[in-house]
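Peer 1: Each residue of the sequence shown is one higher than the one before, starting from 353 at the first, in our numbering.
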Amino acid sequence: MLISPARSLPLARPPASLVLFLAVSLAAGSRAGAASVMVSTASQITASLVTNVPGDTIILTNKVWQDADILFKKSGTAARPITLRAQTPGQVILSGDSRLRIAGNWLVVDGLRFQNGYRTNSDVVQFRDTSSSLATNCALINSTIVDYSAPLPPDSSTDYKWVSIYGLSNRVENCYLKGKTNMGATMVVWLAGTTNDSNYHVIRRNYFGLRPDLTVNGGETIRVGT
């Protein structure tokens, strides 16, 4: 009896739709867990945000961040916000001409300290990037702005705010603000136009330290609207 050699059958090719599904699933699975990224410059924060996804944390290294212009602009989710936090609370010191802008959705800034500096042309912390790019459901927590008028600006009449809250449903909590010596309210809740619509912001459990009497209007601790 003759036995014919076995013939290998051609392998069936999976449909393209299945290949695409598996590729997407594997990519998603590779970022199933939250990532933590350590950064040491403002430009590294910007670069990290390109690939950050909900649940990620950006950690600022302990040091003095001189003249750091930080734009924290991204979107997390209610269950998985994106966090920008100090490596050790109080040991990330933003000084000189540093500022922070928060824009997007479900972002948390935690543990920063502003000290030994001042602004002359914008506010220190703003819950917006531009007038059309505001923050929603974002938070500044466990952070400090202390004597951020030193060295003193050339003229105490220079007007800038320490915290300007725009957008909707944002939160400032467990923060310490003390020693503002120049014009401008320490914190302002900006309202949209003249409608005075509800904005649902929360200002809770903060300590507002003394600031010198300016003897003129413009030295409020908290101002809502204009």
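Built from N, CA and C at the ideal position, the CB exists for glycine as well.
#1: Verify whether the separation of the beta carbon atoms of V444 and A491 is less than 8 Å.
#2: Tell me whether M390 is buried or exposed, calling it buried when 16 or more other Cβ atoms sit within 10 Å of its Cβ.
#3: Whose C-alpha, out of V554, L436 and D511, is nearest the C-alpha of R453?
#4: Closest to N534 by CA distance: which of Y500, T409 and T413 is it?
#5: Using the DSSP secondary-structure output, state which residues sit across from V476 in a beta bridge.
#6: Looking at the structure shown, is Q439 part of a helix, part of a strand, or coil, going by DSSP?
#7: With respect to the beta strand (DSSP E) encompassing T538, which residues constitute its N-terminal and C-terminal limits?
#8: Do S447 and V416 have their C-beta atoms closer together than 8 Å?
#9: Any chance you could list the beta strand (DSSP E) runs of at least 3 consecutive residues sitting entirely within the stretch 446-523, in chain order?
#10: How about F424 and S450: do their beta carbons lie closer than 8 Å?
#11: Between the Cα of T472 and those of K513, I574 and S484, spot the shortest distance and give me the residue it belongs to.
#12: Is the separation between the beta-carbon of D408 and that of A438 shorter than 8 Å?
#13: Compute the distance between the beta-carbons of L529 and N494, then report whether it is under 8 Å.
#14: Got a sec? Which residues, its chain only, sit under 7 Å from P441 by beta carbon, not counting five neighbours each side?
#15: Starting from T567, follow the alpha helix (DSSP H) in both directions and report where the run begins and ends.
#16: If you follow the alpha helix (DSSP H) that V402 is in, where does it begin and where does it stop?
#17: I think N522 touches F479, with their Cβ atoms under 8 Å apart; what is that distance to the nearest whole Å?
#18: CB-CB under 7 Å to G536, same chain, minus the five flanking residues each way: which ones, in chain order?
#19: Thinking C-beta only, is K426 closer than 8 Å to G469?
#20: In its own chain, which residues sit with a C-beta less than 8 Å from the C-beta of T398, not counting the 5 before and 5 after it?
Peer 2: Let me lay it out:
#1: Locating residue 444 in the sequence shown gives position 92, counting from the first residue. Locating residue 491 in the sequence shown gives position 139, counting from the first residue. Contact flag unset, no.
#2: Counted from its first residue, the sequence shown places residue 390 at position 38. Exposed, by the Cβ-count rule.
#3: As a position in the sequence shown, residue 453 is number 101, starting the count at 1. It is L436 whose Cα lies nearest to the Cα of R453.
#4: Sequence index remark: in the sequence shown, residue 534 carries index 182 (1-based). N534 has its Cα closest to that of Y500, out of Y500, T409 and T413.
#5: Translated into the one-based positions of the sequence shown, residue 476 becomes position 124. V476 is not bridged to any residue.
#6: Within the sequence shown, residue 439 is the residue found at index 87, counting from 1. Coil at Q439, not helix or strand.
#7: Taking the first residue of the sequence shown as position 1, residue 538 is located at position 186. Here T538 belongs to no beta strand (DSSP E), and DSSP marks it neither H nor E.
#8: Within the sequence shown, residue 447 is the residue found at index 95, counting from 1. Within the sequence shown, residue 416 is the residue found at index 64, counting from 1. Yes, they are a contact pair.
#9: 451-457, 459-462, 465-469, 480-482, 485-488, 491-493, 496-498 and 515-517
#10: For the purposes of this step, residue 424 is taken as the residue at position 72 of the sequence shown. For the purposes of this step, residue 450 is taken as the residue at position 98 of the sequence shown. It is not a contact, given that the beta carbons lie outside the stated cut-off.
#11: What you label residue 472 is simply residue 120 of the sequence shown in a count that begins at 1. Selected option, being the one with the closest Cα: K513.
#12: Residue numbering aside, residue 408 sits at position 56 when the sequence shown is read from its first letter. Residue numbering aside, residue 438 sits at position 86 when the sequence shown is read from its first letter. Cβ atoms of D408 and A438: not closer than 8 Å.
#13: For the purposes of this step, residue 529 is taken as the residue at position 177 of the sequence shown. For the purposes of this step, residue 494 is taken as the residue at position 142 of the sequence shown. Result no, Cβ atoms of L529 and N494 do not sit closer than 8 Å.
#14: Your numbering for residue 441 matches position 89 in the sequence shown. Same-chain partners within the cutoff: G463 and N494.
#15: Within the sequence shown, numbered from 1, the residue matching residue 567 stands at position 215. First-last for T567: undefined, no H or E at that position.
#16: Residue mapping note: residue 402 aligns to position 50 of the sequence shown, counting from 1. Here the alpha helix (DSSP H) through V402 covers A394 to T403.
#17: Sequence index remark: in the sequence shown, residue 522 carries index 170 (1-based). Sequence index remark: in the sequence shown, residue 479 carries index 127 (1-based). Contact flag correct, Cβ pair sits at about 5 Å.
#18: Translated into the one-based positions of the sequence shown, residue 536 becomes position 184. Within the same chain, G536 has close Cβ partners D511, Y512, K513 and G570.
#19: By 1-based counting over the sequence shown, the position of residue 469 is 117. By 1-based counting over the sequence shown, the position of residue 426 is 74. No, the pair does not count as a contact, with Cβ atoms beyond the cut-off.
#20: In the sequence shown, the residue the question calls residue 398 occupies position 46. Correct list, in chain order: L423.
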